[in-house]
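Below is one structure; the comments refer to it alone.
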Amino acid sequence: MGERSVETIDPQRVGSSSAQPEPPLPIDATTPGSFTLSDLLAVLDLGGDVPPVPARCLVSAHGGILGAQLLGQQIVLAERLAPGKAVHSLHTIFSRPGDCQQPLWVDVERLAHGGSIDALALSFRQGSLHICRADVMLRASEPDFLSLQTSRADLPGPAGAVPFPDRRMMPWEVRVLPRVEPHRLDQWQRIGDAGEDPTVWRALLAHSCEVLPLADLLTASGIPPMPADRPQVAAAVLSQTVTFFDDLDVRDWHLFQVRTVHAGQGRAVARIEIFGPDGVQRAAAEVVGLVRSARR
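Numbering (my numbering), first residue to last: 1 to 296.
Laid out in structure tokens, this is it:
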């Protein structure tokens, strides 16, 4: 286990200037809310390792900061600050939507380090306004003491799925299987141009987990997409947990099985299981979201 002390990472203690670097500009977008894989990879490539770390934003249609982007950035930054370790679990609470056109900074606390486990708290802010906080646990590679895997031999492959036409938030290959339950989405996807970095692969998987559940709940409930300037439904992710079971490579097909397990009193809860092409479960996620009329 890692040490139990809590440490705030201070630039002056690691020999750096206390002056903050100039914040990077948001990624240019011809159409707000629409971006390329290259755009997403650019915001995941954070500009510094010494906190407070400046972060770039994608330009969203609603003007806020995309939660999917923040999840990916949290994974990349955590693994950069804990070399030799990989994210095992990530829990994020989104407290404010923020402004995608304004500077974004990340403060860092080390909660545990020095052993097989590192734990970090990453706080994203704009000025003094808190945007979100992530508690991240990272693990070193270890031999198996016990080995147990969840696997599915009956998974229908991507060949029987239909290409998904609207891929603005997931600019890669997406195929959707016929719906077998009212509130379950089975989606295959692969990101052939994701590069060689496993850290980025995990970041892109977390990005996908944030995008899928609330959009599918609205689709399954017969609520059509609304213009960003005239929304009738307020939908936002409030918290998300992602756990990685094993190594994965998003350049190969992975099945995201998304199931809404509850909706009521303005909230929705969804669970996601991610399977590799061999039918072995590689990761899981849970999302708590806000869903209510925008006219209240």
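Note that beta-carbon positions come from the ideal geometry of N, C-alpha and C, so glycine has one too.
- Scanning the region 163 to 221 from its first residue to its last, the whole beta strand (DSSP E) runs of 3-plus residues come out as 173 to 176, 184 to 190.
- Judged by DSSP in its simplified three-state form, Gly-160 adopts helix.
- Assigned with DSSP and collapsed to three states, Val-280 falls in strand.
- Inclusion of Ser-95 and His-130 in the CB contact set at 8 Å is warranted, their separation being smaller than that value.
- In the structure shown, Gly-114 adopts coil according to DSSP, grouped into three states.
- In the DSSP assignment, Cys-132 is bridged to Phe-94, Phe-124.
- Selection Leu-81, Pro-156, Val-136 evaluated against Trp-253 yields Pro-156 as nearest (Cα-Cα).
- Membership of Ser-38 in the alpha helix (DSSP H) is indicated by the continuous run 37 to 44.
- Following the DSSP letters along the chain, one finds Arg-80 inside the alpha helix (DSSP H) bounded by residues 67 to 81.
- Rounded to whole angstroms, Arg-267 and Gln-232 show a C-alpha spacing of 16 Å.
- Excluding sequence positions up to five before and after Leu-290, its CB lies within less than 7 Å of the CB of Ala-234, Ala-235, Ala-236, Leu-238, Gly-266, Arg-267, all in the same chain and listed in chain order.
- Remark: C-beta atoms of Ala-112 and Leu-122 do not approach each other more closely than 8 Å.
- Here Thr-260 is not near Pro-224, since their CB atoms are 8 Å or more apart.
- Checking the DSSP bridge columns, you'll see Phe-244 partnered with Ala-283.
- A residue is called buried when at least 16 other Cβ atoms come within 10 angstroms of its Cβ; Val-87 meets this threshold and is buried.
- Straight-line measurement puts the Cα of Ala-153 at about 16 Å from the Cα of Ala-159.
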